[in-house]
Structure formats: structure tokens, C-alpha cells
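Asks: The sequence shown begins at 325 in my numbering and counts up one residue at a time.
Starting off with a structure, shown below.
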Amino acid sequence: MKNIPGKNKWAMIVLAVFFFFGFNGCSDGGESKTRIGTESSQPASIRVSSPANEATYFTGKEILFEATTDDGETITAPVIWTSDLDGPIGMESRFKYKQLSAGTHTIAARMKGGVGNDVSDRIFLTIETFTWAAFYRKNNQLSPRISDEAMAVKDVDIILKTTKNFDRKNLSGLDMSARNFSGASFEYAFMVHSDFSNSDFRHSNLKNAAIEYSNLTNVKLADAELSGVDFSNANLSKVDFGYMYLSGFKMTNANLTGCTFFKTNLSYTDLTKAVLKGARLKQTVMVKANLTGADLSDARIDRVKFSKARLTNANLTGSTIRNVIFVGCNLHGVDFTSAKLVDIDMNNADLTGAQLSALNLKKVILFGAKFTDCNLSGSDLSNLNLVDSDFSNAQLKGTNLSNTNLSRSNFRNADLDGANLTNANLEGALNLDKALNLESVVGL
């Protein structure tokens with residue numbers, strides 16, 4: 325019997341015998357003291373409803389075991405579960421267990437039936453030894469040319485001193501931090517869930533390597549061949565991506581905290597939910613990049629071209645944004661709280677639901693912008709050209725719109741409580757009479 329220490333193992337066996345032959349308890353005055361259920365209340369059938377018969381799991385996976393009646397009713401009486409490989413594994417009708425050893429198990433569930441006889445059911449369960457290669461292969465995500473077993477660290481170090489060829493090698497789950505991999509080849513290598521932090525990959529070949537969920541914090545990637553690499557879910561914090569061509573790459577959910585992007589091409593790159601907190605982006609091109617849900621808080625963004633990029637629900641709180649083009653961008657729900665915006669072009673940008681309260685927007689081009697459901701409370705939009713803007717349902721409480729050109733702008737259901745419209749051009753303004761709190765507007 326495996327996985328259960330000696331004393332605990334014998335205790336479970338003793339309890340199992342007790343439940344099988346003595347769970348009606350000792351009588352005292354004709355009444356049971358320890359009775360869990362009478363024979364008449366106990367079901368006459370049992371069926372293993374979970375896990376499924378002939379299911380396969382990896383070692384260490386928590387598995388739900390559950391027994392019901394043939395009719396699917398809950399069993400409240402004790403159920404003795406055993407594995408032909410590991411012995412007793414549980415004594416309840418429903419429980420979770422993750423210590424089954426590798427192999428094919430016959431799992432039996434037994435209990436006393438309603439007329440005193442034992443009833444049982446059994447299933448077959450296969451437990452496979454977990455490796456990252458086996459896990460990915462099961463999901464059809466791994467080439468058959470990759471070995472099931474990861475290389476030993478000592479063998480990696482030997483190759484580093486000789487051929488430096490890791491093409492199609494299995495380097496998953498290893499601690500390879502602070503290694504000098506410069507000039508090495510990792511083409512189609514399997515490198516997931518490994519620690520490569522502080523390593524040097526300069527001039528290396530990582531073409532089509534799999535590195536997701538690996539730690540590449542502070543690695544050096546200058547002049548590395550990265551085509552075909554999927555950076556999704558990788559930790560790339562503090563990496564310098566300066567001068568790199570990463571157009572069309574996948575970086576979804578990647579940790580890019582504190583990274584540097586200088587003259588980097590990130591056009592068409594998928595950065596959905598990527599973390600770029602505190603990142604430095606300078607003279608970088610991000611045309612049609614996808615930054616949906618990305619965290620750019622406290623980032624320093626200078627002379628970046630975001631034309632037609634998607635930043636839906638992106639977090640830009642506390643960021644410093646200078647000389648940036650957001651023309652035609654989807655800025656739905658973007659949070660600009662406490663951001664510093666200087667010389668920004670948001671011409672025709674869609675800011676529906678964006679958070680722009682208490683900001684100085686005097687150096688932002690917002691011609692024709694869509695502010696539907698946007699919060700602009702307390703912000704300064706004075707002396708701007710906002711012709712044809714849409715403020716439907718927007719929050720404009722205390723907003724400074726003095727000397728601003730608002731001709732043909734739509735104010736349907738906009739809250740103008742305390743807004744300043746002194747000398748504003750409202751020629752042809754739409755639905756101004758349907759705005760809220762007009763009586764408190766200054767200069768109207």
C-alpha cells in the first residue's frame with residue numbers, strides 16, 4: 325500500500341472494518357448511540373458517479389470521488405473506497421483525493437445495503453506520471469520529436485560547453501537562471517515553466533521556441549532570433565527590447581513590468597492583458613496593436629504612435645504620456661486617472677466610458693472625439709476645438725469648457741452640474757436642452 329504512512333494506514337483499515345461490521349453501534353436501553361443510519365434508511369444500490377470510468381489523470385491532480393444511488397440520489401451512509409494499488413483512500417460518499425500513484429487503478433466503492441448485504445461498484449482509473457511534455461502532448465500542443473523527459477541540468481551545462489545546440493530539446497521545468505546562452509541555438513526547443521532569469525541570450529537562435537510561463541526576468545535578448553516565439557504568459561520583466569522588431573508577436577498576459585521599448589516595432593502585436601507597469605516606451609510604433617485590458621500604470625510613454633490601436637479597458641493611471649498619437653484608437657473604458665497628458669493627439673478617438681476626471685487636457689487634440697459615458701468631471705478642456713464631439717451621458721461636473729468650440733456637439737443626458745461654458749461656442753449644439761443640471765452651469 326502506498327502514499328499513506330503506516331499508523332494512519334492501519335487506522336483507516338480498523339475504521340473500515342468498524343464501518344462495515346459495526347456502524348450500527350452499541351445498544352443501550354434498546355437505542356443506538358452511534359447509529360449513522362438504519363438498515364431501512366440505507367440505499368440498496370451504489371454507483372460511482374465521479375470520476376468517469378476509464379478516465380485518465382496526471383499524478384498530483386486532485387480528483388473528485390463521489391458515489392450515489394443508481395437513481396442519482398445522495399448517499400449519507402459511510403462508503404469505503406479502495407484502490408487495488410494504493411489501498412483505502414476514503415470513507416465518505418463524496419471527497420477529493422490527489423495522492424494516487426501512477427498506474428491503472430481499480431477503484432471500488434462499498435457500503436452496507438438496505439437489507440444488510442454489501443453493495444459495491446467499481447471503475448478503472450489511469451494515473452499518468454506528470455511531465456510538462458506529457459501535459460502539452462495530451463492537448464496536442466507538442467511535437468512528437470520532443471522527448472517526454474526534460475534534460476538534466478548537468479547535461480544542459482555540458483552542451484553549453486560544447487555544441488551549444490538545444491534544437492528541439494526538452495528544457496521544461498528547469499532552473500537555468502544566470503546562464504550564458506549567448507550564441508546558442510534553441511530552435512523549436514520546449515522551454516516552458518522554466519527559470520531563465522538573468523541569463524544571456526544575445527545572438528542566440530530562439531526561432532519557434534516554446535517559452536510560455538517561463539521566467540525570463542532581466543534576460544538579455546539583443547540580436548537574438550525571435551521569429552515564431554510566443555511570449556504569452558511569460559515573465560519578461562525588466563527586459564530591454566530596444567530596437568527590436570516584434571510586429572505581430574503574441575504577448576498576451578505577459579509580465580513586461582519595467583521593460584524598455586526604445587524604437588521598438590510593436591505594430592499588430594497582441595498585448596491583451598499584458599502587464600507593462602512602469603514600462604518605458606519611447607519612439608515606439610504600436611499601430612493596430614491590441615492592448616485590451618493591458619496595465620500601463622505608471623508607464624513613461626514618449627513619442628509613441630498608437631494609431632488605430634485597441635486599448636479597451638487599459639489601465640493608464642499615473643502614467644506620463646507625451647507627444648503621443650492616439651488617432652482613431654479604441655479607448656473604450658481606459659482609465660487615465662492621475663495621468664499627465666502633454667501634446668497628445670486623440671483626433672477622432674473613441675473614449676466611450678473612459679476615466680478622464682480631474683485632468684488637464686489643454687494640450688490634447690480631441691477634435692471629433694466620442695465621449696459617450698465618459699467621466700470628465702473637474703477636468704480642464706478650455707480653449708479646445710471639440711467640434712462634433714459626442715458627450716451623450718458624459719459626466720461633466722465642474723468641467724472647464726470655457727472658450728471651447730463645442731459647435732454641433734451632442735449633450736444628450738450629459739451631466740453639466742457646475743460646468744463652465746463661459747464664451748463657449750455652442751452653435752448648432754445638439755440636445756443641450758436635454759442635458760442635466762443646466763441651472764447650475766456657469767456662463768450659459
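Each residue gets a CB set at the ideal place from its N, CA and C atoms; glycine is no exception.
Since this is a predicted model, take the numbers as computed values, not measurements.
Between the segment 398-411 and the segment 374-388, do at least 3 Cβ pairs fall closer than 8 angstroms?
Replies: Result no; under three Cβ-Cβ pairs closer than 8 angstroms.
Asks: Here's a check: name, in chain order, each residue in its chain whose Cβ is nearer than 7 angstroms to the Cβ of L615, leaving out the five neighbours to either side.
Replies: Locating residue 615 in the sequence shown gives position 291, where the first residue counts as 1. Contacts found: L595, A633, R634, L635 and A638.
Asks: Can you check which of these residues, T581, G566 and S417, is closest to L590 by C-alpha distance?
Replies: The residue you call residue 590 lines up with position 266 of the sequence shown. Selected option, being the one with the closest Cα: G566.
Asks: Check E763 in the structure and name its three-state DSSP category.
Replies: By 1-based counting over the sequence shown, the position of residue 763 is 439. If DSSP states are grouped into helix, strand and coil, E763 belongs with the helices.
Asks: Below 6 angstroms CB to CB, which residues in the same chain sit around D741 once its five sequence neighbours on both sides are set aside?
Replies: Locating residue 741 in the sequence shown gives position 417, counting from the first residue. Correct list, in chain order: K721, N761 and S764.
Asks: Go ahead and pull the three-state DSSP assignment for L484.
Replies: Along the sequence shown, read from residue 1 onward, the residue named residue 484 stands at position 160. In this structure, L484 counts as helix in the three-state DSSP scheme.
Asks: I believe K629 touches M610 by the beta-carbon criterion, under 8 angstroms. Please report the beta-carbon distance rounded to the nearest angstrom.
Replies: Along the sequence shown, read from residue 1 onward, the residue named residue 629 stands at position 305. Along the sequence shown, read from residue 1 onward, the residue named residue 610 stands at position 286. Between M610 and K629 the Cβ distance is about 6 angstroms, and since that is below 8 angstroms, they are a contact.
Asks: Which stretch, first to last residue, makes up the beta strand (DSSP E) that contains R418?
Replies: Here residue 418 is taken as the residue at index 94 of the sequence shown, counted from 1. Segment R418 to Y421, the beta strand (DSSP E) holding R418.
Asks: Counting only the same chain and skipping the five closest in sequence on each side, list residues whose C-beta sits under 7 angstroms from that of S662.
Replies: As a first step, residue 662 is located in the sequence shown; it is residue number 338 there, counting from the start. Counting only Cβ-Cβ distances below 7 angstroms, and skipping sequence neighbours, we find T641 and G642.
Asks: DSSP three-state call for L640: helix, strand or coil?
Replies: Your numbering for residue 640 matches position 316 in the sequence shown. Reduced to three states, the DSSP call for L640 is coil.
Asks: Using beta-carbon positions only, say whether S369 and T406 come within less than 8 angstroms of one another.
Replies: Stepping through the sequence shown from its first residue, residue 369 is reached at position 45. Stepping through the sequence shown from its first residue, residue 406 is reached at position 82. No. Outside cutoff.
Asks: For the segment 472-482 against the segment 438-452, do three or more pairs of beta-carbon atoms, one drawn from each stretch, fall closer than 8 angstroms, so that the two count as touching?
Replies: Judged by Cβ distances under 8 angstroms, the segment 472-482 makes no contact with the segment 438-452, as fewer than three pairs qualify.
Asks: Quick check on D757: does DSSP put it in helix, strand or coil?
Replies: Counting from one through the sequence shown, the residue named residue 757 turns up at place 433. Three-state result, D757: helix.
Asks: How far does the alpha helix (DSSP H) with T462 in it reach, from first residue to last?
Replies: Here the question's residue 462 lines up with position 138 in the sequence shown. It should be pointed out that residue 462 corresponds to Lys in this sequence rather than to Thr. Its alpha helix (DSSP H) spans residues W456 to K462.
Asks: Are the CB atoms of D408 and L424 within a distance shorter than 8 angstroms?
Replies: Taking the sequence shown and counting its residues from 1, the one referred to as residue 424 is at position 100. Taking the sequence shown and counting its residues from 1, the one referred to as residue 408 is at position 84. No.
Asks: Using DSSP with H/G/I as helix, E/B as strand and the rest coil, what is D619?
Replies: Start at 1 with the first residue of the sequence shown, and residue 619 comes out as number 295. DSSP places D619 in strand when its eight states are reduced to three.
Asks: Please identify the residue among N539, N654, A379 and A759 whose C-alpha is closest to the C-alpha of T430.
Replies: Taking the first residue of the sequence shown as position 1, residue 430 is located at position 106. It is A379 whose Cα lies nearest to the Cα of T430.
Asks: Quick one: using the 10 Å Cβ neighbour count with 16 as the cut-off for buried, is T276 buried or exposed?
Replies: Residue 276 is absent from the model: the chain starts at 325 and stops at 768.
Asks: I need the boundaries of the beta strand (DSSP E) containing V666, first residue and last residue.
Replies: Looking up residue 666 in the sequence shown gives position 342. Unbroken beta strand (DSSP E) run through V666: K664 to V666.
Asks: Return yes when the Cβ of D712 is within less than 8 angstroms of the Cβ of G692, no when it is not.
Replies: Along the sequence shown, read from residue 1 onward, the residue named residue 692 stands at position 368. Along the sequence shown, read from residue 1 onward, the residue named residue 712 stands at position 388. Contact: yes.
Asks: Does N557 pass the burial test, meaning 16 or more other C-beta atoms within 10 Å, or should it be called exposed?
Replies: The residue given as residue 557 occupies position 233 in the sequence shown. Answer is buried; the Cβ neighbour count reaches 16.
Asks: Does the distance from the C-beta atom of G767 to that of N749 stay below 8 angstroms?
Replies: As a first step, residue 767 is located in the sequence shown; it is residue number 443 there, counting from the start. As a first step, residue 749 is located in the sequence shown; it is residue number 425 there, counting from the start. Cβ distance not < 8 angstroms, so G767 and N749 don't count as in contact.
Asks: Ignore the nearest five residues each way along the sequence and tell me which others in K544's own chain have a CB closer than 7 angstroms to its CB.
Replies: By one-based count along the sequence shown, residue 544 stands at place 220. The residues are D524, F525 and R526.
Asks: Figure out for me which residue from V658, T723, N504 and R492 has the closest Cα to the Cα of L484.
Replies: On the sequence shown, residue 484 is found 160 positions in, with the first residue counted as 1. Checked all of V658, T723, N504 and R492; the closest Cα to L484 is N504.
Asks: What residue from A546, L685, M500 and L560 has the CA that sits closest to N724's CA?
Replies: One-based indexing of the sequence shown puts residue 724 at position 400. It is L685.
Asks: Using only the alpha-carbon positions, how far apart do Q719 and P375 sit?
Replies: For the purposes of this step, residue 719 is identified with residue 395 of the sequence shown, where counting begins at 1. For the purposes of this step, residue 375 is identified with residue 51 of the sequence shown, where counting begins at 1. Near 54 angstroms, if we compare the C-alpha coordinates of P375 and Q719.
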